[in-house]
Structures are given as C-alpha cells and as structure tokens.
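Under the numbering used here, the first residue of the sequence shown carries the number 16, and numbering increases by one thereafter. Using N, Cα and C, we set each Cβ at its ideal position, and we do this for glycine too. Quick caveat, the model's predicted, so the values are computed rather than measured.
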Amino acid sequence: MSGTFERHIRLQGAFNVRDLGGYARAGGGTTRWRSVLRADGLQGLTPADVATLLDLGLVTVIDLRSHVELARDPSAFAKHAHVDYRHIPLFDSLAPVDQLLASSASFGLAERYASAADLCGPALGRVATTVAEAGDGVVLFNCTAGKDRTGIVAAMLLSLAGVADDEIVADYALTATVGAVLMDRLRQAAKARGLSETAAATLLGSEPDTMRAFLRHVAGRHGGFAAYLAGTGLSPDMLDRLVRRLG
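So, in structure tokens, the structure goes:
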C-alpha cells in the first residue's frame, strides 16, 4: 500500500468506505488509487462527509440497495447536482435474506453469493458498464453494510484487474475490523427484527472462506469474471475500458 494514500476513508456518517487502489496486479503494477471506492450506506453522511468525498473527486455513485432500503434511507447523493447517481438493486432476483434465514437452518453467505452470480447477471453487467463509462474521477459503489453486494462487486472488479484471489479475500475480510462499529449496530438491529444471535452472526460475517467459495464458484461455473460479463452482453471494448479504469 502506498504511503501517500490510506485505504480506509474515515467519515462520520459511514463506516466501511475503502479504496480499491494499491493492490498488486498480475503482470506488474497496482490498482489505481482514488479511482474506485467501496462503501456502506451513505444516508447518514454529514455535510463534511459529502465535501470530503467530493474533494476526493467523486463523480459517480452506484447504489446497490433494494427499493425498500432506498425508500427508507435515501442516499445523500440521490439528488446531488454534481454526482451521477445510479440505483442498480443488485439482489432483486434473490429472495429477501430475512425470509431465507427464517425458513432455512442451513443458510450460508457462500450460497447466497453463488446464487447472486447465477441469477443477478444483468444487474452486475449494468454495474460493470456504469463503472466503465464513468467520467474522470472517483466511482463509488455501496450497499447497506458494504460487505455482501459491495463485496461481490469489489471481487469482480479486482479480479478483472488481475488482483490475486488471496488479496481479494483479504479485502473482503477487512469489514470485520474496519466496519466493526457498523457490524455491531446491524447485529443489534437484526436481533431486534427477531433473528437469533447465530443467524445475525452468520448474516453479518465476513469470513475469508465465504469469499474464497464465491471466487471458486465464478471460476468453475462461469469461467471467470471476464467470461461471466461477456455472457451478460458486455462488449470486449467495454471490458477493456473497465480494466483501464482500475489500473
């Protein structure tokens, strides 16, 4: 990691905002700093937080949350005059997670992520296109915890950039430390909705093996992320633009 940049972007109203720059790429070099950020919910940003992100060069926000989440907690950038805000609900093709937790004793995030890869291709293709087509500056994508939907997109982008699986797994697992305060709040909220301690812990975990299983699934069933996105209709030119933004 460069001494010039910090991975964790420290804000008052969001807790899991991180830069995808500084990761070693196959063939040499690193991913570009201050090009792509991953984040949790942006509804609680203070005016100072908004100014911080704009000062970093923010030009595009991709909100991966559901319509219900968006209606309940609108993004601070939903109507911002100087930011291209896109709502791409990533998990719309999947059953609500609380419903799955209530009906299945064997719920696991690895299975959830695999289902997302299998069923959410059009949304992931739209995300990839939006990142590739974004103007000069910083693209930020976020969900509620900055872990599951955001983690899937981060894994896709880093893998396409040639970052090793071990680095992608380590980036995913950072939520356990960087986002610890947020995870505790979400855990208490999950229990208040009636989830057990075990179910809440499963839902809010960021275990390395979860991401390893997801990467294996995409490689084994879909032939990797480049082939996966080609299957969604992403053109070779658009894929090249996407990779160039990252590196």
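Beta-carbon gap between residue i and residue j smaller than 8 Å
| i | j | result |
| --- | --- | --- |
| R49 | L71 | yes |
| T46 | V178 | yes |
| E257 | L155 | As written in the sequence, residue 257 is Leu, which differs from the Glu given in the question. For L257 and L155, no; Cβs fall outside 8 Å. |
| T225 | L124 | yes |
| A86 | Q27 | no |
| L73 | V153 | yes |
| A110 | F229 | no |
| G140 | L210 | no |
For residue j and residue i, believed in contact at Cβ under 8 Å, the rounded distance
| i | j | result |
| --- | --- | --- |
| I183 | V142 | About 16 Å; that fails the 8 Å criterion. |
| N157 | L57 | 6 Å |
| L161 | A91 | Residue 161 is actually Gly in this sequence, not Leu. Between A91 and G161 the Cβ distance is about 15 Å, and since that is not below 8 Å, they are no contact. |
| N31 | G220 | Not really, about 14 Å apart at Cβ, beyond 8 Å. |
| T145 | T75 | 7 Å |
| V233 | A131 | That belief does not hold up - the Cβ atoms of V233 and A131 are roughly 10 Å apart, past 8 Å. |
| I103 | A147 | That belief does not hold up - the Cβ atoms of I103 and A147 are roughly 14 Å apart, past 8 Å. |
For residue i, the three-state DSSP class (helix, strand or coil)
| i | result |
| --- | --- |
| Y100 | strand |
| D107 | coil |
| H23 | strand |
| D181 | helix |
| G219 | The amino acid at residue 219 is misidentified as Gly; the sequence shows Leu. Looking at L219 - three-state DSSP - the assignment turns out to be coil, as it is neither helix nor strand. |
| D186 | helix |
| S17 | With a pLDDT of 43 at S17, under the threshold of 50, the modelled position of this residue cannot be trusted; read the value that follows with caution. Note: S17 maps to coil in three-state DSSP. |
| V51 | strand |
| A176 | coil |
| D151 | coil |
| F92 | coil |
| A263 | No information on residue 263 is available, as it lies outside the stretch 16 to 262 that the chain covers here. |
| D34 | strand |
| I167 | helix |
| T159 | coil |
| T46 | coil |
| A29 | coil |
| G56 | coil |
N-terminal and C-terminal residue of the alpha helix (DSSP H) that residue i is part of
| i | result |
| --- | --- |
| L261 | 251–261 |
| L60 | No alpha helix (DSSP H) contains L60, which DSSP labels as neither H nor E. |
| V196 | 195–207 |
| V83 | 82–87 |
| L210 | Segment: none, L210 is in no alpha helix (DSSP H) and carries neither H nor E. |
| F240 | 240–246 |
| A125 | 124–134 |
Beta-carbon contacts of residue i that lie in its chain and below 8 Å, excluding the five residues immediately before and after
| i | result |
| --- | --- |
| E212 | K206 |
| L173 | L35, Y38, T46, E182, I183, D186, L261 |
| G246 | G136, H237 |
| R40 | T46, A176, G177, V178, G262 |
| A149 | V74, T75, D99, R260 |
| R202 | A215, A216, L219 |
| G42 | G177 |
| V196 | F30 |
| E21 | D34 |
| G44 | G262 |
| T67 | I24, L26 |
Close-in-space but distant-in-sequence residues of the same chain around residue i (CB under 6 Å, 5 per side omitted)
| i | result |
| --- | --- |
| V171 | According to the sequence shown, residue 171 is Met rather than Val. Only F240 meet the Cβ criterion. |
| Y100 | V76, F92, A93 |
| G166 | Y187 |
| R227 | V184 |
Contacting residues, own chain, Cβ-Cβ under 7 Å from residue i (five flanking each side not counted)
| i | result |
| --- | --- |
| R164 | L79, L105, F106, C158 |
| E84 | T159 |
| Q114 | none |
Segment limits, beta strand (DSSP E) that includes residue i
| i | result |
| --- | --- |
| L73 | 73–78 |
Test: residue i CB closer than 8 Å to a CB of chain D
| i | result |
| --- | --- |
| L218 | The structure shown has no chain D; it contains just one protein chain. |
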